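Peer 1:
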Ligand SMILES: Cc1ncc(C[n+]2csc(CCOP(=O)(O)OP(=O)(O)O)c2C)c(N)n1
Ligand code: SF4
């Protein structure tokens with residue numbers, strides 16, 4: 052006799068003859084056989100269904116969640132505890148296993164430390180006996196009085212397919228605690244599918260059929276599906292960065308700006324041509340000149356092709372509203388950029404459009420300036436060249452601030468800065 | 003903190019501030035499922051959180067979070083409407099189990115998948131009714147860039163102190179726009195303290211303290227049995243079918259929020275003497291409202307400004323403040339004024355009007371126009 056009790060000795064709350072009784076009692080026996088395991092080492096996670104009302108009878112930690120989600124909840128608990136001495140056990144029905152199939156696959160695949168006990172009574176007990184995804188073909192239920200018209204899942208094989216070390220189907224009669232003990236002592240994810248009967252809904256419609264015969268006819272094997280044990284999930288021991296702000300070094304104030312009012316820029320080019328990085332460098336240069344800056348990116352979902360746009364606001368005062376209903380300056384470095392900004396440019400009543408000379412100058416009331424961006428240092432540097440040109444046309448801060456920002460960037464060394472500046476300031 | 007002499011300007015986005023502040027406030031785990039415009043939060047979390055898990059879907063994400071929370075970890079996720087929709091049942095579960103966690107909701111244009119890269123303020127009505135039965139879900143909102151820091155810490159703190167899931171509401175523009183930012187402006191954020199059960203008396207997971215929040219103990223602890231339950235339950239955490247103790251426990255969930263509201267109410271009120279117009283806003287529209295009010299004052303229209311940051315439950319102080327103004331203009335980026343309806347119902351109130359937009363940010367000029375129209 053073991054003095055460690057995991058299950059209370061009071062009567063359980065199931066219908067007479069319900070297979071769920073035996074699962075609870077066999078689980079108690081199995082737990083008692085695990086050396087040194089104490090009730091508070093066990094966390095019982097129960098699903099919604101008749102089997103789920105068992106939590107009140109267990110003397111362990113218990114958590115009673117949603118229909119079908121108990122395996123995912125248990126995965127979080129197992130990962131949260133991350134303690135091999137603690138045992139997470141899931142009680143779930145065939146209904147819960149059907150609606151939460153993804154969670155079972157995921158938990159088995161990632162090998163979370165837990166034992167899942169599927170109470171497979173081949174139907175939804177709590178809601179009145181409808182079929183589940185595990186109901187065997189031909190088994191009569193409320194939903195299909197003539198018999199389930201299709202084949203049910205073989206969850207043991209599914210779990211085995213995704214790497215479960217231990218997945219066993221047992222017939223839920225007599226003493227099957229040895230199998231539960233095996234599962235419970237298997238490190239990582241283990242599964243026991245207990246095929247049992249619901250006297251209230253199952254036995255009535257399917258009289259005179261034994262569990263063994265039902266399982267056999269369904270082509271299911273009463274056996275263990277196993278793999279050699281592999282490492283179970285454990286929270287990775289990693290060292291995160293100490294602060295996201297520390298590596299984001301402050302930009303020193305090195306220059307001054309002449310800007311008196313906010314200025315908004317829309318920079319339009321092609322994906323892969325450095326639009327965003329050039330705009331980022333320009334933003335840093337503006338900050339170094341004492342300006343406040345906001346920067347937004349946009350590109351199509353397929354980031355590698357089509358346009359790439361960066362929108363900046365530069366202002367001598369803090370920027371609150373970050374919207375740009377109509378930009379003051381539009382810079383265009385490629386055909387994609389021109390197509391992207393066509394409507395905006397057409398609507399401009401004033402301001403500046405700075406466009407590569409290889410492109411057709413658009414119709415607009417804004418001042419249009421055409422320069423050679425793409426030809427000077429190649430398409431990949433076109434945006435940066437364009438921004439040097441922009442400072443030539445509209446000197447809101449010294450070109451030197453931009454030169455500095457380029458030198459401090461990842462692009463430093465890859466570009467011929469002098470040539471860029473010489474041509475743009477000419 | 004960043005001891006700065008003068009110019010300490012860095013280039014950051016709101017996502018970075020949210021993640022950094024959450025971790026400093028005591029968040030331990032980030033569970034992510036990718037969705038625009040919340041992806042940057044996931045990305046930064048990847049390098050800043052001690053534990054990060056990529057979930058295979060948002061239902062799993064929330065369930066994993068609940069599991070972590072039940073073992074005493076403070077989990078965070080970030081999503082947008084489509085993800086939130088999948089989480090709703092599990093958020094209700096965590097609410098009923100009283101498990102702390104933070105769900106960052108980055109709004110984008112709906113319905114459905116809508117426009118992933120277009121901002122919006124379309125989810126407040128949903129949030130105000132998220133918990134079946136109409137129980138208030140503590141909801142904080144980011145109404146200026148500094149709030150990415152302050153409200154994230156407030157959300158983590160409230161989650162632990164209220165033993166509840168908490169929503170941190172924001173929008174695409176706030177978390178995806180990079181900007182110059184004075185790091186010296188940030189206040190120190192300290193780690194929240196869990197109110198744990200101590201001593202040898204049996205632990206009752208739903209026995210309320212005086213402030214109606216029950217003390218916490220993690221599943222798996224060696225001293226006391228812990229029972230958490232999502233269905234109606236008594237103070238022991240045992241399922242009860244609508245008996246008076248279970249019902250009282252459920253009703254406590256609402257009282258708990260209301261009783262403690264003063265500890266998590268955040269708003270800004272910038273009143274101008276003799277103003278009879280109050281501009282009200284929240285979230286991504288608040289900066290436009292701030293600009294509009296500054297402009298109105300400069301041009302001689304006396305105007306006050308109210309910026310809400312705690313959105314649910316609605317504090318009485320909001321209604322009392324608005325009561326004092328003949329004219330109230332509420333600006334928000336949605337079709338019918340979801341906040342306006344939360345405050346004043348479908349009938350509205352005489353003198354209350356809305357400035358609304360869909361598919362674009364509200365421009366300060368939209369607000370100025372609405373105010374001037376009524377003042378003249
Ligand atoms: C999301 C959701 N859908 C449906 C239900 C209704 N429901 C409660 S129990 C149950 C089925 C239970 O069947 P099973 O999991 O096989 O457990 P059993 O009752 O047979 O033990 C269902 C569908 C629910 N609780 N939640
Ligand atoms: S209805 Fe069926 S599954 Fe539910 S307790 Fe009764 S016999 Fe068991």
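Residue numbers (our numbering), protein chains in the order written: chain G, 52 to 477; chain A, 3 to 378.
C-beta atoms are modelled at their ideal positions from N, C-alpha and C, and glycine is treated no differently.
Only a predicted model underlies this, so the values are computations on that prediction, with no experimental measurement involved.
Under the three-state reduction of DSSP, which class applies to residue 55 of chain G: helix, strand or coil?
Peer 2: In the structure shown, residue 55 of chain G sits in coil (DSSP, three-state: anything other than H, G, I, E or B).
Peer 1: Distance, Cα to Cα, residue 76 of chain A vs residue 103 of chain A?
Peer 2: About 6 Å.
Peer 1: Report the residue from A/10, A/52, A/89 whose alpha carbon sits nearest the alpha carbon of residue 59 of chain A.
Peer 2: The shortest C-alpha separation from residue 59 of chain A is found at A/89.
Peer 1: Going by beta carbon distance, what residues of the same chain come within less than 6 Å of residue 166 of chain G, once the five residues before and after it are set aside?
Peer 2: Here the set comprises 140, 234, 235, 241.
Peer 1: Ignore the nearest five residues each way along the sequence and tell me which others in residue 10 of chain A's own chain have a CB closer than 7 Å to its CB.
Peer 2: Counting only Cβ-Cβ distances below 7 Å, and skipping sequence neighbours, we find 4, 184, 185, 186.
Peer 1: Could you check where the alpha helix (DSSP H) with residue 209 of chain G kicks off and where it finishes?
Peer 2: It spans 206-212 - the alpha helix (DSSP H) in which residue 209 of chain G sits, taken as one unbroken run.
Peer 1: Please list the partners that residue 14 of chain A has in chain G, where partner means a Cβ-to-Cβ separation under 7 Å.
Peer 2: Under the 7 Å cutoff, chain G gives 299.
Peer 1: Assuming residue 57 of chain G contacts residue 111 of chain G under a Cβ cut-off of 8 Å, what Cβ separation, rounded to an integer in Å, is found between them?
Peer 2: Right, their Cβ atoms sit about 6 Å apart.
Peer 1: In angstroms with no decimal places, state the Cα-to-Cα distance between residue 192 of chain A and residue 257 of chain A.
Peer 2: For residue 192 of chain A and residue 257 of chain A, the distance between alpha carbons rounds to 27 Å.
Peer 1: Answer yes or no: the CB of residue 146 of chain G versus the heavy atoms of ligand 2, is any distance below 7 Å?
Peer 2: No, the Cβ of residue 146 of chain G stays beyond 7 Å of every heavy atom of ligand 2.
Peer 1: Does any C-beta atom of chain G lie closer than 8 Å to the C-beta of residue 320 of chain A?
Peer 2: So no, residue 320 of chain A is outside the interface.
Peer 1: For residue 230 of chain A, which beta-bridge partners are listed by DSSP?
Peer 2: According to DSSP, which records beta bridges pairwise, residue 230 of chain A is partnered with G/114.
Peer 1: Tell me whether residue 177 of chain G sits in a helix, a strand or coil according to DSSP, three-state version.
Peer 2: If DSSP states are grouped into helix, strand and coil, residue 177 of chain G belongs with coil.
Peer 1: Can you give the Cα-Cα distance for residue 123 of chain G and residue 186 of chain G, rounded to whole angstroms?
Peer 2: About 23 Å.
Peer 1: Going along the chain, which residues of its own chain have a beta-carbon closer than 6 Å to the beta-carbon of residue 477 of chain G, five neighbours each way excluded?
Peer 2: Here the model assigns residue 477 of chain G a pLDDT of 48, short of 50, so the residue's position is not dependable and the matter cannot be decided.
Peer 1: Suppose contacts are defined by Cβ-Cβ distances below 8 Å. Is residue 283 of chain A in contact with residue 334 of chain A by that definition?
Peer 2: Yes, they are a contact pair.
Peer 1: Taking beta-carbon pairs under 8 Å, can you tell me which members of the segment 265-291 of chain A lie near chain G?
Peer 2: Flagged, chain order: 289, 290.
Peer 1: Select from G/407, G/403, G/409, G/426 the residue whose C-alpha is nearest the C-alpha of residue 417 of chain G.
Peer 2: It is G/403.
Peer 1: Beta carbon of residue 103 of chain G: closer than 7 Å to some heavy atom of ligand 3?
Peer 2: This structure does not include ligand 3; its bound ligands are ligand 1 and ligand 2.
Peer 1: Mark residue 246 of chain A as exposed unless 16 or more other C-beta atoms lie within 10 angstroms of its C-beta, in which case mark it buried.
Peer 2: Answer is exposed; the Cβ neighbour count stays below 16.
Peer 1: At a CB distance below 8 Å, what residues from the segment 270-294 of chain G approach chain A? Give them in sequence order.
Peer 2: Those would be 286, 287, 289, 291, 292, 294, in chain order.
Peer 1: Tell me the rounded alpha-carbon separation between residue 106 of chain A and residue 376 of chain A.
Peer 2: Approximately 37 Å, taken between the alpha carbons.
Peer 1: Taking Cβ-Cβ distances below 7 Å as the criterion, which residues of the segment 342-358 of chain G are in contact with chain A?
Peer 2: Going along the segment 342-358 of chain G in chain order, one finds 343, 344, 345, 346, 347, 349 with a Cβ nearer than 7 Å to chain A.
Peer 1: Note down, one range per segment and in chain order, each beta strand (DSSP E) of at least 3 residues found wholly within the segment 246-281 of chain G.
Peer 2: Runs of the beta strand (DSSP E) inside the segment 246-281 of chain G: 275-277.
Peer 1: Are residue 95 of chain G and residue 142 of chain G touching if we call contact CB-CB under 8 Å?
Peer 2: A contact, by the Cβ cut-off of 8 Å.
Peer 1: Would you tell me roughly how many angstroms separate the C-alpha atoms of residue 92 of chain A and residue 118 of chain G, rounded to the nearest one?
Peer 2: Each residue's Cα considered, the two are about 10 Å apart.
Peer 1: Could you check which residue in G/421, G/198, G/137, G/435 has the C-alpha nearest to that of residue 405 of chain G?
Peer 2: Per the Cα distances, G/421.
Peer 1: Report the residue ranges of all alpha helix (DSSP H) runs contained in full by the segment 33-89 of chain A; include only those spanning at least 4 residues, in chain order.
Peer 2: With a minimum length of 4 residues, the continuous alpha helix (DSSP H) runs that stay inside the segment 33-89 of chain A are 41-50, 60-72.
Peer 1: What residue range is occupied by the uninterrupted alpha helix (DSSP H) comprising residue 143 of chain A?
Peer 2: First-last for residue 143 of chain A: 141-143, but that is the beta strand (DSSP E), not the alpha helix (DSSP H).
Peer 1: With the cut-off set at 8 Å, would you say residue 155 of chain A and residue 26 of chain A are in Cβ contact?
Peer 2: Yes; because the gap between Cβ atoms is below 8 Å, this pair is in contact.
Peer 1: Please tell me whether, using a cut-off of 7 Å, the distance from the CB of residue 99 of chain G to the nearest non-hydrogen atom of ligand 1 is below it.
Peer 2: Within the cutoff, so yes.
Peer 1: What residues are listed by DSSP as bridge partners for residue 269 of chain A?
Peer 2: According to DSSP, residue 269 of chain A bridges with A/310.
Peer 1: So what does DSSP say about residue 133 of chain G, is it helix, strand or coil?
Peer 2: Coil.
Peer 1: Counting only C-beta atoms, is residue 477 of chain G closer than 8 Å to chain A at any point?
Peer 2: The predicted position of residue 477 of chain G is uncertain, since its pLDDT is 48 and thus under 50; no value can be drawn from it.
Peer 1: Give a yes or no on whether the C-beta atoms belonging to residue 115 of chain A and residue 138 of chain A are separated by under 8 Å.
Peer 2: No, Cβ-Cβ distance for residue 115 of chain A and residue 138 of chain A is not below 8 Å.
Peer 1: Count the other CB atoms, across all protein chains shown, that sit within 10 Å of the CB of residue 441 of chain G; report buried if there are 16 or more and exposed otherwise.
Peer 2: Classification of residue 441 of chain G: buried, given that the 10 Å Cβ count is 16 or more.
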